[in-house]
Amino acid sequence: MDSGLRGKSALITGGSSGIGRGIAEVLAAEGVNLALASRGVDHAVVEDLKALGGDVHSIQADVSREDDVKRMVAEAAERLNGLDYFVNNAARAHHQPLTQIDAETFRSVIDTNLAACVWGCREAARHLISQKKPGAIVVVGSTSMYTPGPAEAVYRISKVGLKSLVETMAVELAPHGIRVNLLVPGHYRTRLTAGIPADIEAKLRQEIPLRRFGQPLDCGHAAAFLLSPILARYVTGAELVVDGGLSLRPIYFGDDEQLKALNEMQGD
Ligand SMILES: NC(=O)c1ccc[n+]([C@@H]2O[C@H](COP(=O)([O-])OP(=O)(O)OC[C@H]3O[C@@H](n4cnc5c(N)ncnc54)[C@H](OP(=O)(O)O)[C@@H]3O)[C@@H](O)[C@H]2O)c1
């Protein structure tokens with residue numbers, strides 16, 4: 020099936036690790052030329068992605084700084100000779116219980132996860148509108164939006180904020196032919212979640228109806244769908260949850276065999 024992505028160009032923040040890398044891999048395989056932005060530049064990742072066929076650039080930028088974000092988008096558009104897509108994926112998580120939230124951490128999480136998305140989408144939209152070409156934006160949220168976890172207040176505020184931003188942008192940018200959607204991952208084993216102890220992870224896995232953690236390519240395929248001018252041409256302001264069912268949080272106390280037996284036909 021033709022996705023219509025071949026030959027297009029995309030800027031992905033945090034595109035050289037975890038979920039961002041999964042998105043980069045799928046887009047590169049679809050023939051999209053890429054700019055990956057992060058604070059650290061990983062040349063090995065750039066080379067791996069180039070081997071998939073497209074043009075790949077890395078841009079050093081701290082997205083929590085407005086000036087860096089302006090430069091990042093301008094540099095991406097210049098190096099890629101135009102820009103069709105922006106994927107706002109970079110984020111940080113720093114868990115603090117309510118009574119221990121400090122201003123510096125609060126500002127850093129909000130600046131990296133929420134303000135950065137405002138600056139990045141503003142700059143990308145300015146660029147896309149001036150090109151007078153259709154385009155698309157994908158913003159990476161989190162299922163923490165649906166389920167309040169202890170010590171996650173600031174991270175969660177930042178992700179809930181992204182949902183409002185996506186909805187407003189979808190309305191404002193629709194007349195310019197720019198679609199904006201939210202991609203919502205559940206639990207993925209990445210640098211962001213590396214500190215979670217094994218016993219907690221095991222319990223978490225049992226909360227996922229598909230009984231496995233997400234793999235970055237799962238989000239990669241979903242992002243490719245949302246960006247595709249063919250497959251998702253009528254999709255804007257939407258939320259695509261890629262969590263194996265985690266956010267359903269089913270109320271069921273049996274084991275998998277009992278669950279399976281509920282729908283097994285007599286005589287099977
Ligand atoms: N992993 C999960 O279970 C999960 C669940 C729900 C949502 N998410 C979301 O998925 C997205 C990707 O996270 P991940 O799990 O793939 O984590 P990750 O592997 O830690 O990736 C985060 C990326 O963001 C970049 N980044 C962080 N701060 C930055 C800054 N100030 N400026 C520029 N780049 C910055 C990092 O690169 P540098 O450190 O080199 O800058 C890194 O490439 C995030 O939006 C996260 O909230 C993840």
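Going by the working numbering, the letters in the sequence shown line up with residues 20 to 287, in that order.
C-beta atoms are modelled at their ideal positions from N, C-alpha and C, and glycine is treated no differently.
Worksheet item: Cβ of I38 versus every heavy atom of ligand 1: is any distance shorter than 6 Å?
Response: For I38, the CB falls within less than 6 Å of some heavy atom of ligand 1.
Practice prompt. Check the C-beta distance from V173 over to I120 and give it rounded, since I have them as a contact under 8 Å.
Written response: Contact between V173 and I120 is confirmed by a C-beta separation of about 6 Å, below the 8 Å threshold.
Fill in: Same chain, Cβ closer than 8 Å to L184, neighbours up to 5 away in sequence not counted
Closer than 8 Å at Cβ, skipping near neighbours: L133, C136, V137, C140 and V158.
Practice prompt. Following the continuous alpha helix (DSSP H) through H62, name the residue where it begins and the one where it ends.
Written response: H62: member of the alpha helix (DSSP H) spanning H62 to K69, first to last residue.
Discussion item. I need the DSSP call for E97, collapsed to helix, strand or coil.
Written reply: Here E97 carries a helix assignment [DSSP, helix/strand/coil].
Worksheet entry | Q59 Cβ short of 6 Å to ligand 1 heavy atom set | The displayed chain sequence assigns Gly, not Gln, to residue 59. Annotation for G59 indicates a beta carbon within 6 Å of some heavy atom of ligand 1.
Worksheet entry | Local Cβ density within 10 Å of M284, reported as buried at 16 or more and exposed below that | Classified as exposed, M284 has fewer than 16 neighbouring CB atoms from the shown chains inside 10 Å of its CB.
Item to complete: Work out the CA separation of R111 and T209 for me, nearest whole Å.
Response: Distance between the alpha carbons of T209 and R111: 12 Å.
Worksheet item: So the beta strand (DSSP E) I156 belongs to, where does it begin and stop?
Response: G154 to V159 is the extent of the beta strand (DSSP E) around I156.
Item to complete: Please report the Cβ distance between L117 and S28, rounded to the nearest whole angstrom; I am assuming they are in contact, meaning their Cβ atoms lie under 8 Å.
Response: With 8 Å as the limit, L117 and S28 do not qualify as a contact, their Cβ atoms being about 43 Å apart.
Worksheet entry | Buried versus exposed, by CB contacts within 10 Å (16 or more), D237 | Flag for D237 reads buried.
Discussion item. On the criterion of 16 or more Cβ atoms from any shown chain inside 10 Å, does D262 qualify as buried, or is it exposed?
Written reply: It is buried - the Cβ of D262 has at least 16 other Cβ atoms within 10 Å.
Discussion item. For the pair the segment 242-251 and the segment 68-75, tell me if three or more CB-CB distances fall below 8 Å.
Written reply: No, because fewer than three Cβ pairs between the segment 242-251 and the segment 68-75 fall closer than 8 Å, the two stretches do not touch.
Discussion item. Just checking Y165 against ligand 1 - is the residue's beta carbon closer than 6 Å to any of the ligand's heavy atoms?
Written reply: Not one heavy atom of ligand 1 lies closer than 6 Å to the C-beta of Y165.
Worksheet item: At a cut-off of 6 Å, is R231 close to ligand 1 when judged by its beta-carbon and the heavy atoms of the ligand?
Response: Not so, every heavy atom of ligand 1 lies at least 6 Å from the Cβ.
Worksheet item: Quick one: does the C-beta of P216 sit closer than 6 Å to a heavy atom of ligand 1?
Response: False, no ligand heavy atom lies under 6 Å from that Cβ.
Fill in: Same chain only: Cβ atoms within 7 Å of S22, ignoring 5 sequence neighbours per side
Correct list, in chain order: E49, A243, S247, I249 and L250.
Worksheet item: Are N108 and T32 close, meaning C-beta to C-beta below 7 Å?
Response: A distance below 7 Å separates the beta carbons of N108 and T32.
Worksheet item: Taking the alpha-carbon positions, what's the R230 to R145 distance?
Response: Going by the C-alpha atoms only, they are around 42 Å apart.
Practice prompt. Following the continuous beta strand (DSSP E) through A56, name the residue where it begins and the one where it ends.
Written response: In this chain, the beta strand (DSSP E) harbouring A56 covers N52 to S57.
Discussion item. Judging by CA-CA distance, which residue of H240, S57, I227 and G37 is the nearest neighbour of A274?
Written reply: Correcting the residue type first, residue 274 is Asp in the shown sequence and not Ala. D274 has its Cα closest to that of I227, out of H240, S57, I227 and G37.
Fill in: Whole-angstrom distance between V260 and G205, CA atom to CA atom
One alpha carbon belongs to G205, the other to V260, and they sit about 8 Å apart.
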